[in-house]
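Participant: Residue numbering for the sequence shown follows the working numbering, starting at 24 and increasing by one per position. C-beta: ideal position from N, C-alpha, C; glycine also.
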Amino acid sequence: MAKDKRLPLGMRPGFVWGASTSAYQIEGAAAVDGRGPSIWDVHSRTQGRTANGDTGDVACDHYHRYGEDVALMKKLGIDAYRFSVSWPRVLPRGRGAVNDKGLDFYDRLIDKVLEAGITPWLCLYHWDLPQRLHELGGWTNRDVVGWFADYSTLVVRRFGDRVKHFATFNEPNVCTLFGYAMTWCAPAVEDRAAYFPACHHVNLAHGAAVDVIRHWVPDSSVGCVYNLQPIHPADENSAADHRAADILDAHWNRVYADPHILGHYPANVAADYEPYVQAGDMARICRKLDWVGMNHYGPIWAKDDPNSQLGFGWADVKVAEAHPEIGWEIFPEAFTDQLMETHERYGLPIYITENGCGRDDDKEFADDQGRVDDFYRVTYLKLYTQAMRTAIEKGADIRGYFIWSLLDNFEWGSGYGNRFGIIRVDFPTGTRTPKASFDWYAKTIRENR
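(1) How about His274 and Cys309: are their beta carbons less than 8 Å apart?
(2) Between Leu430 and Gly444, which are expected to be in contact by the criterion C-beta below 8 Å, what is the C-beta distance as a whole number of angstroms?
(3) What distance in whole Å lies between the Cβ atoms of Val225 and Phe192, which are believed to be in contact at a cut-off of 8 Å?
(4) Nearest-angstrom Cα distance between Asp56 and Leu145?
(5) Which same chain residues end up closer than 6 Å to Lys28 when comparing Cβ atoms and leaving out the 5 residues on each side of it in sequence?
(6) At the level of alpha carbons, what is the spacing between Ser437 and His87?
(7) Should Ser61 and Asp173 be called a contact, given that it needs their Cβ atoms to be closer than 8 Å?
(8) I believe Val235 touches Val167 by the beta-carbon criterion, under 8 Å. Please report the beta-carbon distance rounded to the nearest angstrom.
(9) Nearest to Lys187 by alpha carbon, out of Thr452, Val240, Ile421 and Val292?
(10) Is the segment 211–229 touching the segment 313–331, taking contact as three or more C-beta pairs under 8 Å?
(11) Residues in its own chain within less than 7 Å of Arg181 by CB, not counting five upstream and five downstream?
(12) Rounded to whole angstroms, what is the Cα-Cα separation between Ala306 and Gly286?
(13) Whole alpha helix (DSSP H) runs in the segment 181–256 with 4 or more residues, listed along the chain?
(14) Using beta carbons (cut-off 8 Å, strictly below), is Arg412 in contact with chain C?
(15) Checking 8 Å against the spacing of the C-beta atoms, do Ala109 and Tyr203 come in under that value?
(16) Go ahead and pull the three-state DSSP assignment for Phe106.
(17) If the criterion is Cβ atoms closer than 8 Å, does the pair Tyr89 and Lys124 meet it?
(18) Beta-carbon within less than 6 Å of Ala25's beta-carbon, same chain only, minus the 5 sequence neighbours each way: which residues are those?
(19) If you drop the 5 nearest sequence neighbours on each side, which residues of the same chain put their C-beta closer than 7 Å to that of His66?
(20) What are the boundary residues of the beta strand (DSSP E) that includes Ala293?
(21) Excluding the 5 residues flanking Arg215 on each side, which residues of the same chain have their C-beta closer than 8 Å to its C-beta?
(22) Quick check on the DSSP output: the beta strand (DSSP E) that includes Trp144 runs from which residue to which?
(23) Measure the C-alpha to C-alpha separation of Leu132 and Glu50 and round it to an integer number of angstroms.
(24) Does the Cβ of Ala345 have 16 or more other Cβ atoms within 10 Å, making it buried, or fewer, making it exposed?
(25) State yes or no: is the C-beta of Leu177 within less than 8 Å of the C-beta of Val113?
(26) Could you give the distance in angstroms between the alpha-carbon of Asp84 and the alpha-carbon of Glu377?
(27) Would you report the Cα separation of Arg400 and Arg442, rounded to the nearest angstrom?
(28) Candidates Trp324, Ser107, Ala280 and His238: which alpha carbon is nearest Val342's?
(29) Which residues in the same chain have their Cβ closer than 7 Å to the Cβ of Arg394, if we skip the five residues on either side of it in sequence?
(30) Could you tell me if Ala280 is buried or exposed, where buried requires 16 or more neighbouring beta carbons within 10 angstroms of its beta carbon?
(31) In chain order, what residues of the same chain have a beta carbon less than 6 Å from the beta carbon of Val81, not counting five sequence neighbours either side?
(32) Opposite Glu377 in the DSSP bridges: which residues?
(33) Can you check whether the CB of Gly117 is closer than 8 Å to the CB of Ala190?
(34) Mapping DSSP to helix, strand and coil, what is Trp351?
(35) When DSSP labels each residue in this structure, what does Arg469 get in the three-state scheme?
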């Protein structure tokens, strides 16, 4: 076979190779050192909300084992580590009294990451709204914008001397659409009348946080992390399915990134937001960003659903043969397409902030010593990083790739059964064991620097 003469995956000096996690999914220590409850603590303890009734009470116990995890990051060879701060760990009630022990934990974590030669990337919000604020209306209450600005000020002032890369939100589409229009995520409100103001207030909070970061850390690099997926109609010949796909595309891909970067809501859903938009709001939302964070796993199919609150339904459509080494349909070409569309639409540098492959590999691929030969994940990652390279060669300004995820963790409604980590976690003992994908990623980083 002829040697591949194309340029390395990164193609530019300074390309960032990283890994991503989030606070509720890995930290555990849910009631330790003054942490208050979040909406996910309540949600996961509600019967029927998560697989097997799993919660994030212990998770990976990263709160106590962060030193071990950072040592594994150093062994992996990543340039950057994207993590989130738990709002209720530093402000147990969401506002008012500060929890110094919570802030101290992130001081220790950030210092350890820097000692390992890794750049910390801090995400302010990865879905764990303090429960006390939810009881006051949460994201449906316009006051939440001020609460989030105060929280952001606390975090940015405390850590901005060492952290220069900030994301305001992770996947705001998921936490609002699944949390306020459906019951798949906390707080499981399922009310159209709550969904639209929640979205708008998240957007206002984003703009307020950008202003806070710019004020306190003038040399910062600021972005937001969006979950961006191509949306297709279930039936190409159905006009109703095409309309449903357009609506889902707006809510999934556009309702946050468009206001943040372009200054307006998507035209086909803008009227739904008008009752909540006050004078000057769009200018408060549309603040200068340095980059777009893009999370991507695969395309989505939509169908017409007359019973839907928002005008679309989710369709499970199989349009490709299962990959022989993975066992399900994968669409790396959709990754290339989405990267190109994001590049052309927003004109900002792109960091792929999540991409990865989930499966219960403990059932199929873990040996007696806890080693996992996750060859299917290696195959997935090879195909998707090659799809990234194709987008780069076509001109997309892609500056970095963060794998999801460093550790097997609490995967929200899927609990602990769906494992995305390149490091296996034995949850009863907390033992960490790098998988075959860990070795592949370490080798890929070395070869593409």
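Facilitator: The relevant details are as follows:
(1) Going by C-beta atoms, His274 is not nearer than 8 Å to Cys309.
(2) About 4 Å; that satisfies the 8 Å criterion.
(3) Between Val225 and Phe192 the Cβ distance is about 7 Å, and since that is below 8 Å, they are a contact.
(4) When rounded, the separation of the alpha-carbon atoms in Asp56 and Leu145 is 21 Å.
(5) Residue confidence for Lys28 is low, a pLDDT of 49 falling below 50, so the modelled location carries little weight; the figure read from the coordinates is stated next. Taking Lys28 as the centre and dropping the five residues before and after it, the same chain places no C-beta closer than 6 Å to its C-beta.
(6) Whole-angstrom Cα-Cα distance: 24 Å.
(7) Cβ atoms of Ser61 and Asp173: not closer than 8 Å.
(8) Contact flag wrong, Cβ pair sits at about 15 Å.
(9) Selected option, being the one with the closest Cα: Val240.
(10) Contact fails: fewer than three Cβ-Cβ distances are below 8 Å.
(11) Beyond the five residues adjoining it in sequence on each side, Arg181 comes within less than 7 Å, by CB distance, of Leu126 in the same chain, given in chain order.
(12) A straight-line Cα-Cα distance of about 7 Å links Ala306 and Gly286.
(13) Entirely contained in the segment 181–256, the alpha helix (DSSP H) runs reaching 4 residues are, in chain order, 195–199 and 215–239.
(14) No chain C is part of this structure, which consists of one protein chain only.
(15) Note that residue 109 is Ser in the sequence shown, not Ala. Not in contact: Ser109 and Tyr203 (Cβ atoms no closer than 8 Å).
(16) Note: Phe106 maps to strand in three-state DSSP.
(17) Cβ distance not < 8 Å, so Tyr89 and Lys124 don't count as in contact.
(18) Low confidence applies to Ala25: its pLDDT is 42, below 50, so where it sits in the model is not reliable, and the reading given next is rough at best. Taken in chain order, the list of residues that qualify is empty.
(19) For His66, the CB contacts under 7 Å within the same chain, skipping 5 residues up- and downstream, are Arg72, Ala209, Pro210 and Ala211 in chain order.
(20) Where Ala293 is concerned, there is no enclosing beta strand (DSSP E), although the alpha helix (DSSP H) around it starts and stops at Ala293 to Tyr296.
(21) So the list reads Ala204, Gln332 and Leu333, once near-sequence residues are dropped.
(22) If you look at Trp144, you'll find it in the beta strand (DSSP E) that goes Thr142 to Tyr148.
(23) The alpha-carbon of Leu132 is positioned some 11 Å away from that of Glu50.
(24) Residue burial is scored here from C-beta neighbours: Ala345 has fewer than 16 other C-beta atoms within 10 angstroms and is therefore classed as exposed.
(25) Yes, these two residues count as a Cβ contact at 8 Å.
(26) Looking at the two C-alpha atoms, the distance is approximately 22 Å.
(27) Cα to Cα, the separation comes out at about 11 Å.
(28) That would be Trp324, whose Cα lies nearest to the Cα of Val342.
(29) So the list reads Thr456, once near-sequence residues are dropped.
(30) Buried: at least 16 other Cβ atoms inside 10 Å.
(31) Taken in chain order, the residues that qualify are Gly51.
(32) Per DSSP, the beta-bridge partners of Glu377 are Asn318.
(33) No; because the gap between Cβ atoms is not below 8 Å, this pair is not in contact.
(34) In the structure shown, Trp351 sits in coil (DSSP, three-state: anything other than H, G, I, E or B).
(35) Helix, per DSSP.
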